[in-house]
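Novice: One structure follows; several queries about it will come next.
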Amino acid sequence: MEAQSAIVQFLSGDGRDAAGRSFEEVLAMDDVGLEGRHDFIQWLFPLDEPSQAVPSSPVLTGSDILVLRNFATVQLRLRDATERMLRFYRATAQWKQPFDHNHLRITRIIKSLRLLAGDGPADAFKAAILSEAEDSQVSPTSRRYWSEA
17 MEAQSAIVQF LSGDGRDAAG RSFEEVLAMD DVGLEGRHDF IQWLFPLDEP SQAVPSSPVL
77 TGSDILVLRN FATVQLRLRD ATERMLRFYR ATAQWKQPFD HNHLRITRII KSLRLLAGDG
137 PADAFKAAIL SEAEDSQVSP TSRRYWSEA
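Residue numbers (this note's numbering): 17 to 165.
Here you go:
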């Protein structure tokens with residue numbers, strides 16, 4: 017059997033991110049911690065392209081995507097991570113300005129969910145975020161990125 021990549025190990029609960037945190041430890045961070053740390057989102061919601069913000073972040077391979085899509089535990093963890101990030105966005109308002117680093121995070125979450133969990137979870141998260149941003153100052157550009165993700 018082939019060794020699992022670091023991102024598969026992390027999302028399955030058998031590994032740690034580059035900062036040494038478990039999946040559970042990342043989800044347990046308070047809102048201030050989530051806002052202040054910039055190296056966790058790439059682990060909770062990995063993509064098949066390098067991160068410009070944290071270049072050392074994991075990049076999904078085709079094999080990783082197949083394993084993660086078909087791993088029931090990972091699907092539950094993605095749901096938990098999505099719910100945690102929604103609670104964060106509902107509880108905080110600093111991201112509701114024209115430009116904020118959270119806009120890039122939101123795009124990443126939608127893309128990752130589409131890649132790993134499918135259209136349903138990605139579209140549900142996107143709809144919830146667009147609803148939260150409805151009467152905000154979030155730029156039309158960010159809203160377009162979310163809509164196209």
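For glycine and all other residues, C-beta sits at the position ideal for the given N, C-alpha and C. Treat the numbers as computed from the prediction; the structure is a model and nothing was measured.
1) Roughly how many whole angstroms lie between the Cα atoms of SER147 and PHE26?
2) Could you check which residue in ARG37, SER21, ASP151, TRP111 has the C-alpha nearest to that of GLY78?
3) Please return the same chain residues whose Cβ sits closer than 8 Å to the Cβ of ILE81, not counting the five positions on each side in sequence.
4) Given that a residue counts as buried once 16 or more other Cβ atoms are within 10 Å of its Cβ, and exposed if not, what is VAL90?
5) Exposed or buried, what is ASP151 when buried is set at 16 or more other beta-carbons lying within 10 Å of its beta-carbon?
6) Less than 8 Å between the beta carbons of GLN61 and ARG124, yes or no?
7) From what residue to what residue does the alpha helix (DSSP H) around THR123 run?
8) Along the chain, where does the alpha helix (DSSP H) containing VAL42 start, and where does it finish?
9) When DSSP builds the beta bridges, which residues end up paired with VAL75?
10) What is the DSSP secondary structure of VAL148, reduced to helix, strand or coil?
11) Between the alpha carbons of PRO74 and ILE23, how many angstroms are there, rounded?
12) Confirm, please, whether the CB-CB distance from LEU94 to LEU50 is below 8 Å.
13) At the level of alpha carbons, what is the spacing between VAL48 and GLY31?
14) Could you spell out the range, first to last residue, of the alpha helix (DSSP H) harbouring THR89?
15) Taking 7 Å as the limit between beta carbons, can you name the residues of its chain near ASP46, skipping five residues before and five after?
16) Restricting to Cα atoms, I'd like to know which of ARG121, GLU164, PRO156, PRO71 is closest to LEU102.
Specialist: Taking the definition as stated:
1) As a position in the sequence shown, residue 147 is number 131, starting the count at 1. As a position in the sequence shown, residue 26 is number 10, starting the count at 1. Each residue's Cα considered, the two are about 31 Å apart.
2) In the sequence shown, the residue the question calls residue 78 occupies position 62. When each option's Cα is compared against that of GLY78, the closest is SER21.
3) Counting from 1 along the sequence shown, the entry for residue 81 is found at position 65. Result list for ILE81: ASP64, LEU131, LEU132, in chain order.
4) Position 74 of the sequence shown, counting from 1, holds the residue named residue 90. So VAL90 counts as buried.
5) One-based indexing of the sequence shown puts residue 151 at position 135. When all chains shown are included, ASP151 counts as exposed.
6) As a first step, residue 61 must be located in the sequence shown, where it is residue number 45. As a first step, residue 124 must be located in the sequence shown, where it is residue number 108. According to the sequence as given, residue 61 is Phe; it is not Gln. Yes, the pair counts as a contact, with Cβ atoms nearer than the cut-off.
7) Counted from its first residue, the sequence shown places residue 123 at position 107. 117-132 is the span of the alpha helix (DSSP H), which, as asked, contains THR123.
8) By 1-based counting over the sequence shown, the position of residue 42 is 26. That run of the alpha helix (DSSP H) goes 39-43.
9) Here residue 75 refers to the residue found at position 59 of the sequence shown. For VAL75, which the question treats as bridged, DSSP gives the partners LEU63.
10) Taking the sequence shown and counting its residues from 1, the one referred to as residue 148 is at position 132. Per the sequence shown, the amino acid found at residue 148 is Glu instead of Val. Helix at GLU148.
11) Within the sequence shown, residue 74 is the residue found at index 58, counting from 1. Within the sequence shown, residue 23 is the residue found at index 7, counting from 1. Cα-Cα distance, rounded: 6 Å.
12) Start at 1 with the first residue of the sequence shown, and residue 50 comes out as number 34. Start at 1 with the first residue of the sequence shown, and residue 94 comes out as number 78. The answer is no: Cβ separation not under 8 Å.
13) Within the sequence shown, numbered from 1, the residue matching residue 48 stands at position 32. Within the sequence shown, numbered from 1, the residue matching residue 31 stands at position 15. Rounded to the nearest angstrom, the two C-alpha atoms are 24 Å apart.
14) Here residue 89 is taken as the residue at index 73 of the sequence shown, counted from 1. Under the DSSP assignment, THR89 falls in the alpha helix (DSSP H) whose first and last residues are 88-107.
15) In the sequence shown, the residue the question calls residue 46 occupies position 30. Nothing meets the Cβ criterion.
16) To locate residue 102, count along the sequence shown from 1; it is residue 86. The candidate whose alpha carbon is nearest that of LEU102 is ARG121.
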